[in-house]
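Q: Got a structure for you, written out below as structure tokens; questions coming shortly.
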Amino acid sequence: MDATTADADVHLREIITSLYFLLTQIHSYNFSNTPQAMTSEVRTLIQALVSLTQTSRRLPTKIPLDLVEYVEKKRNPDVYKRELVEAVMKGNQMQKGRSQAFGELRDVLGREMMGGIPDMREEVRSVLEACGGRVEG
Numbered sequence: 025m026d027a028t029t030a031d032a033d034v035h036l037r038e039i040i041t042s043l044y045f046l047l048t049q050i051h052s053y054n055f056s057n058t059p060q061a062m063t064s065e066v067r068t069l070i071q072a073l074v075s076l077t078q079t080s081r082r083l084p085t086k087i088p089l090d091l092v093e094y095v096e097k098k099r100n101p102d103v104y105k106r107e108l109v110e111a112v113m114k115g116n117q118m119q120k121g122r123s124q125a126f127g128e129l130r131d132v133l134g135r136e137m138m139g140g141i142p143d144m145r146e147e148v149r150s151v152l153e154a155c156g157g158r159v160e161g
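According to the numbering used here, the residues represented by the sequence shown are 25 to 161, in order.
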């Protein structure tokens, strides 16, 4: 089951509360019972941190790892976006060229088959029409 941001919010609030209690205990340090209370609060803090870590792993995130690495290197995410758009456009152009080339191959192959095997002319024509090919003659 996926976690929600509300679950993460609860764990963050627990962490903030634990840190606040630790700060308060450090500020008003009492040699008699403060070490036990601080130990208990540190354990609570560690449990809250572990819970937050486990919750964060279940959060639905869709941030590309490339982008995270890009930002960690202190580079501008807008540059990443521009480079990504350019790469996608280039890929789309290549895919369009391939698609057109295969379409032309289909049409040429169909035309040659209709000319070379006249008995199969109607079958080849129906296959070409079903595939979106151009039927000549």
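All residues carry an ideal CB built from backbone N, CA and C; glycine is no exception. Bear in mind the structure is a predicted one, so any value in this text is a computation, not a measurement.
Distance check for residue 108 and residue 158, CA to CA, integer angstroms please.
A: Taking the straight line joining both Cα atoms gives about 35 Å.
Q: Could you spell out where the alpha helix (DSSP H) holding residue 111 opens and where it closes?
A: Per DSSP, residue 111 belongs to the alpha helix (DSSP H) from 101 to 140.
Q: Tell me which same chain residues have a C-beta within less than 7 Å of the C-beta of residue 160, skipping the five on either side of it?
A: So the list reads 135, once near-sequence residues are dropped.
Q: So residue 35 and residue 79 are in contact, right, with Cβ under 8 Å, and what is the actual spacing, rounded?
A: 6 Å between Cβ atoms; contact.
Q: Checking 8 Å against the spacing of the C-beta atoms, do residue 101 and residue 89 come in under that value?
A: No, Cβ-Cβ distance for residue 101 and residue 89 is not below 8 Å.
Q: Could you say if the region 43 to 53 and the region 65 to 77 meet the contact criterion of at least three C-beta pairs nearer than 8 Å?
A: Touching, per the Cβ criterion.
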